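Visitor: Note that our numbering numbers the sequence shown so that position 108 is 311, with each residue one more than the last.
Dumping the structure here so I can ask a few things about it.
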Amino acid sequence: MKVHILDDWFDTLQGLPCFGKLSKHDVKVWTDHVEDTDELAARLHQAQALVLFRERTKISRALIEKLPDLKLISQRSVYPHVDVQACSDHGVLLCSNMHGGTPSYAAAELTWALIMAGMRDLPAQIASAKAGHWQAGVGKTLRGRQLGLYGYGRIARAVAGYAEAFGMNVVWWSSGEGRARAQADGVQVAPDRDAFFAKSDVVSIHVRLKPDTHGIVTASDFAQMQSDALFVNTSRAGLIVPGALLDALNAGRPGKAAIDVFDTEPLTDPNDPLLSHPNLIATPHIGFVTEDEFDLQFADIFDQVNAYAENAPIHMINPEIWTNAR
204 MKVHILDDWF DTLQGLPCFG KLSKHDVKVW TDHVEDTDEL AARLHQAQAL
254 VLFRERTKIS RALIEKLPDL KLISQRSVYP HVDVQACSDH GVLLCSNMHG
304 GTPSYAAAEL TWALIMAGMR DLPAQIASAK AGHWQAGVGK TLRGRQLGLY
354 GYGRIARAVA GYAEAFGMNV VWWSSGEGRA RAQADGVQVA PDRDAFFAKS
404 DVVSIHVRLK PDTHGIVTAS DFAQMQSDAL FVNTSRAGLI VPGALLDALN
454 AGRPGKAAID VFDTEPLTDP NDPLLSHPNL IATPHIGFVT EDEFDLQFAD
504 IFDQVNAYAE NAPIHMINPE IWTNAR
């Protein structure tokens with residue numbers, strides 16, 4: 204098959220062990236990012252299969268309509284960036300391994316790094332030391348403080364393990380179904396939503412972005428937080444009401460935020476009011492950006508390409524396409 208891989212910004216995949224899985228295919232790797240639909244369609248006009256780097260490129264109906272040879276989109280995890288109905292309307296099969304039971308340890312580790320950076324104010328301390336000013340303020344010890352984890356899923360449970368090793372008190376909040384699972388597992392669930400935000404020294408959100416989770420964190424949630432609390436988001440920016448985090452930081456509740464995700468990505472404007480906020484620690488959506496995680500994820504993605512080529516597709520999101528084709 205003619206396989207096109209989008210958005211491999213650092214040309215990483217070709218050096219990983221999993222890339223050998225595509226040895227029987229005609230593969231083109233694109234190492235830059237293109238937003239314009241017409242330009243993207245011109246690049247991909249011969250593609251039979253698209254391999255996606257998570258949500259880096261939006262696969263719209265307008266794009267799909269310009270790719271008559273496209274038969275397969277292969278990716279991993281959730282797919283809010285893909286117009287599934289447009290795929291189905293044009294006979295394009297979407298395959299995505301939802302990797303049930305397997306957390307992204309890379310994302311969990313970055314979450315913990317941001318918690319450590321925020322509570323010890325590491326960016327400011329590093330900058331001060333390098334500028335010859337030595338110490339720059341006083342941080343906070345994690346032991347004995349409360350970590351509020353919003354979302355009772357795989358990544359959050361991995362983060363909880365790190366927190367417990369550091370002696371933190373872990374408290375949970377989630378959907379009704381998530382809270383029920385947490386209570387059944389015997390972990391500590393906050394008595395109510397307000398208490399969850401008000402009593403936590405650190406709040407970290409770990410929820411999949413779906414239509415019913417857009418904007419689940421609101422201005423009133425932030426208003427409940429302590430003035431010296433830390434808010435962490437390595438999941439998706441869309442989980443927060445637009446503008447609410449910036450307003451909250453300006454209001455001083457929470458006192459600080461550490462985030463890996465933004466409404467616009469890539470965000471390259473250093474003057475963006477959120478990115479440039481003095482009480483924000485930011486990383487450029489690197490939660491899953493490790494060689495180990497790439498090799499794990501793309502092994503699954505390339506297996507999906509091979510399975511399709513062998514007429515035995517796996518992890519189908521719109522299986523009616525395959526059923527009708529046969």
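Don't be surprised by glycine CBs; every beta carbon is placed ideally from N, CA and C.
Every value quoted in this text rests on a predicted model; they were computed, and no experiment measured them.
Measuring only the C-alpha atoms, how far is A332 from G321?
Guide: So the two alpha carbons sit approximately 17 Å from each other.
Visitor: Is DSSP giving Y353 helix, strand or coil here?
Guide: Strand, per DSSP.
Visitor: If you reduce the DSSP assignment to three classes, tell me which class A252 lands in.
Guide: Strand at A252.
Visitor: Can you tell me whether N509 is helix, strand or coil according to DSSP?
Guide: Helix, per DSSP.
Visitor: For A212, does the count of other Cβ atoms within 10 angstroms reach 16, so buried, or fall short, so exposed?
Guide: Reading off the sequence shown, one finds Trp at residue 212, where the question assumed Ala. It is exposed - the Cβ of W212 has fewer than 16 other Cβ atoms within 10 Å.
Visitor: How close, in whole Å, do the beta carbons of A244 and D272 come, if the pair is a contact with beta carbons under 8 Å?
Guide: 11 Å between Cβ atoms; not a contact.
Visitor: Do C298 and F505 come within 7 Å of each other at the CB atom, strictly closer than that value?
Guide: Going by C-beta atoms, F505 is not nearer than 7 Å to C298.
Visitor: Please state whether DSSP places F434 in a helix, a strand or coil.
Guide: F434 falls in the strand class under three-state DSSP.
Visitor: Taking the runs of the beta strand (DSSP E) that are 3 residues or longer, which of them lie wholly in the segment 276-345?
Guide: Fully enclosed beta strand (DSSP E) runs of 3 or longer: 296-300.
Visitor: Between the C-alpha atoms of W315 and D324, what's the straight-line distance to the nearest angstrom?
Guide: Those two C-alpha atoms are separated by around 14 Å.
Visitor: By the three-class DSSP mapping on this structure, what secondary structure does K402 have?
Guide: Helix.
Visitor: Skipping 5 residues on each side, what residues in its chain have a beta carbon closer than 8 Å to that of F369?
Guide: So the qualifying residues of the chain are L345, R346.
Visitor: I want to know whether the segment 276-294 touches the segment 227-244 - three or more CB-CB distances under 8 Å.
Guide: The segment 276-294 is not in contact with the segment 227-244.
Visitor: To which residues does DSSP link A485 through a beta bridge?
Guide: Answer by DSSP bridge pairing, in chain order: I462.
Visitor: Rounded to whole angstroms, how far is the Cβ of A440 from the Cβ of V464, which I believe are closer than 8 Å?
Guide: Confirmed, about 5 Å.
Visitor: For A311 versus V362, is the C-beta spacing smaller than 7 Å?
Guide: It is a contact, given that the beta carbons lie within the stated cut-off.
Visitor: Is DSSP giving I443 helix, strand or coil here?
Guide: Note: I443 maps to strand in three-state DSSP.
Visitor: For L442, which option in I484, R257, S407, T471 has the closest C-alpha, if you only look at C-alpha atoms?
Guide: Ranking the options by Cα distance to L442, first place goes to S407.
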